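Protein chains in written order, with full-length UniProt numbering: chain F, 1 to 218; chain W, 1 to 218.
Heads up: the structure comes next, in structure tokens.
Protein chains: 2
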Amino acid sequence: MKVAIMLFDGITALDAIGPYDVFAATLQWEVKFVAKQKGLVKLDSNMGYLHADYDFSEVTSADILVVPGCSPPHYKTPMNDEETLAWIRRIHETSKWTTSVCNGSLILSAAGLLNGVVATSHWGSFDLLASLGAIPTEERVVRQEKIVTAAGVSSGIDMALQLVAWELGEQMGQAVQLILEYDPKPPFDTGSPQKAPAQLVEQIRAMLQAFAEKEPSM
Amino acid sequence: MKVAIMLFDGITALDAIGPYDVFAATLQWEVKFVAKQKGLVKLDSNMGYLHADYDFSEVTSADILVVPGCSPPHYKTPMNDEETLAWIRRIHETSKWTTSVCNGSLILSAAGLLNGVVATSHWGSFDLLASLGAIPTEERVVRQEKIVTAAGVSSGIDMALQLVAWELGEQMGQAVQLILEYDPKPPFDTGSPQKAPAQLVEQIRAMLQAFAEKEPSM
């Protein structure tokens, strides 16, 4: 399988690297990091970089497309960039699976791929996802036909393990989970808005909303 | 808090990026990616890069040092590089927490920091860890005084959340977990050698052992 992971300035690194390392652990799949321009891509924290080894012109098809997310408001740049959206549509035409992590689903929506599609996103972006024509649903990994969307940031690991299991069988999924020692023991049980204290959820929601109202500045 | 994450050729990206994104989500901590030479650092898959923004000479102290791991045999290069080990010891003298993810604990051992210390590693490296003088223990996150070691690859996320909670309080730990939507739902229950089928464990162990016997070629 050939996997294309799209990078862009303002990306959340873990959204991309979680799926990447799951796919890499198969020791079979080819993963390419692709961006509008090749070279360094700024992280949303402004404290580091990922690296795009390929530009859009160099990758014209993929078996799996992964569109990661970012801290708000950085998704606005790819959502408003016709070249980026055209590349996503082009790869989608060739893909077996078109996927997103976190609010990467907003970018898929902007590309016109989620109209009427059941999908997820970071929990803080559900209203925006709905306004773009998708049907938000509170599950960690959501699959409708060939479109698979994952919830916030860390959920890309779960999604990628599912994709490995669907393509290569349960035993390979189990093997990859063991190689990555993915036996999570989160210190708290606050990883979703359903589980976290309501006051904390509202506080984070307000913070994310304030970020979302800014203009991207990368 | 100032965090230094050490990079080296052959690194497993998720070992570094899991903790990085946890720390970044505090919106308070400064994270620096540091390597012997600044610039691109090859991933163990040979399918991409991370980027070191600083070289060893530019980072002479840190509140938290993170030494990530790699696919075998790539740890051999930093373990046999006196400049790298000297830098680790130097930062350790200044640190509040000295940490590793996956077989990064082998590198801490090579630096002489784990003699008689209760520590963990990727499950496939326990024998090697013991041979270097540490006392391997089967927990996901192991703390002895200021040394905190995490198990394989994905466990760096759990470790980093603990560090955030220890330093900034439980509420901040909970908030970061919610921001990263870290409510894991692994598709299988095979993430540790205690849980995975014995035959699968032995198969992966043999594969990792065969890798470990090679010479690093990055």
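Here a beta-carbon is modelled for each residue, glycine too, at the ideal position from N, C-alpha and C.
Nothing here was measured: the structure is a model prediction, and the numbers come from that model.
Contacts with chain W at 8 Å (Cβ-Cβ) include residue 201 of chain F. In summary, residue 214 of chain W is exposed, with fewer than 16 beta-carbon neighbours lying within 10 Å of its beta-carbon over all protein chains present. Listed along chain W are 183, each with a C-beta nearer than 7 Å to that of residue 195 of chain F. Among the CB atoms of chain W, one or more fall inside 8 Å of the CB of residue 30 of chain F. Minimum Cα-Cα distance from residue 11 of chain W among the listed residues W:201, W:204, W:102, W:159 corresponds to W:102.
Rounded to whole angstroms, the separation of the alpha carbons of residue 59 of chain W and residue 90 of chain W is 10 Å. If you check the CB distance, residue 114 of chain F and residue 95 of chain F do not come in under 8 Å. About 7 Å separates the Cβ atoms of residue 5 of chain F and residue 68 of chain F, confirming a contact at the 8 Å cut-off.
Going by beta carbons, residue 191 of chain W and residue 181 of chain F fall inside the 8 Å limit.
Residues of chain F with a Cβ closer than 9 Å to the Cβ of residue 123 of chain W are, in chain order, 178, 181.
In terms of beta-carbon proximity, residue 126 of chain W stays away from the interface with chain F, with every pair separated by 8 Å or more. Collapsing the DSSP output to three states places residue 54 of chain W in a strand. Counting only residues of its own chain and dropping the five nearest sequence neighbours on each side, residue 8 of chain W has a CB closer than 8 Å to the CB of 35, 36, 41, 70, 74, 77, 78, 84. Interface residue (Cβ-Cβ distance to chain W less than 8 Å): residue 72 of chain F is not classified as such. Interface annotation, residue 33 of chain W: in contact with chain F, CB-CB separation under 8 Å. The C-beta of residue 108 of chain W comes no closer than 8 Å to any C-beta of chain F. Under the three-state reduction of DSSP output, residue 97 of chain W falls in the strand class. Residue 197 of chain F sits exposed, since fewer than 16 C-beta atoms from the chains shown fall within 10 Å of its C-beta. Membership of residue 149 of chain W in any alpha helix (DSSP H) is not indicated; the residue belongs instead to the beta strand (DSSP E) covering 147–150. Of all residues in the region 4–26 of chain W, only 12, 13, 14, 17, 18, 20, 21, 24 place a beta-carbon less than 7 Å from a beta-carbon of chain F. Spatial neighbours of residue 18 of chain F in its own chain (CB-CB distance under 6 Å, excluding positions within 5 residues in sequence) are listed in chain order as 156, 157. DSSP places residue 126 of chain F in the helix class (H, G or I) of the three-state scheme. Judged by DSSP in its simplified three-state form, residue 28 of chain W adopts coil rather than helix or strand. Between residue 101 of chain W and chain F, the shortest Cβ-Cβ separation is not below 8 Å. Secondary structure of residue 36 of chain W (DSSP, three-state): coil. Closest option to residue 117 of chain W, judged by alpha-carbon separation, among W:124, W:123, W:189, W:105: W:105. For residue 144 of chain F, the enclosing beta strand (DSSP E) starts and ends at 141–144. Residue 165 of chain W is not a Cβ neighbour of residue 23 of chain W, given a cutoff of 8 Å. No Cβ-Cβ contact shorter than 8 Å links residue 55 of chain W with residue 32 of chain W. Its Cα nearest to that of residue 15 of chain F, the residue F:151 stands out among F:112, F:151, F:27. Here residue 73 of chain F carries a coil assignment [DSSP, helix/strand/coil]. Its Cα nearest to that of residue 186 of chain W, the residue W:195 stands out among W:111, W:195, W:179.
Taking residue 100 of chain W as the centre and dropping the five residues before and after it, the same chain places the C-beta of 67, 108, 149 closer than 6 Å to its C-beta, in chain order. If you check the CB distance, residue 135 of chain F and residue 111 of chain F do not come in under 8 Å. For the pair residue 188 of chain W and residue 174 of chain F, the CB atoms are nearer than the 8 Å cut-off. In the displayed model, residue 19 of chain W falls within a helix according to three-state DSSP.
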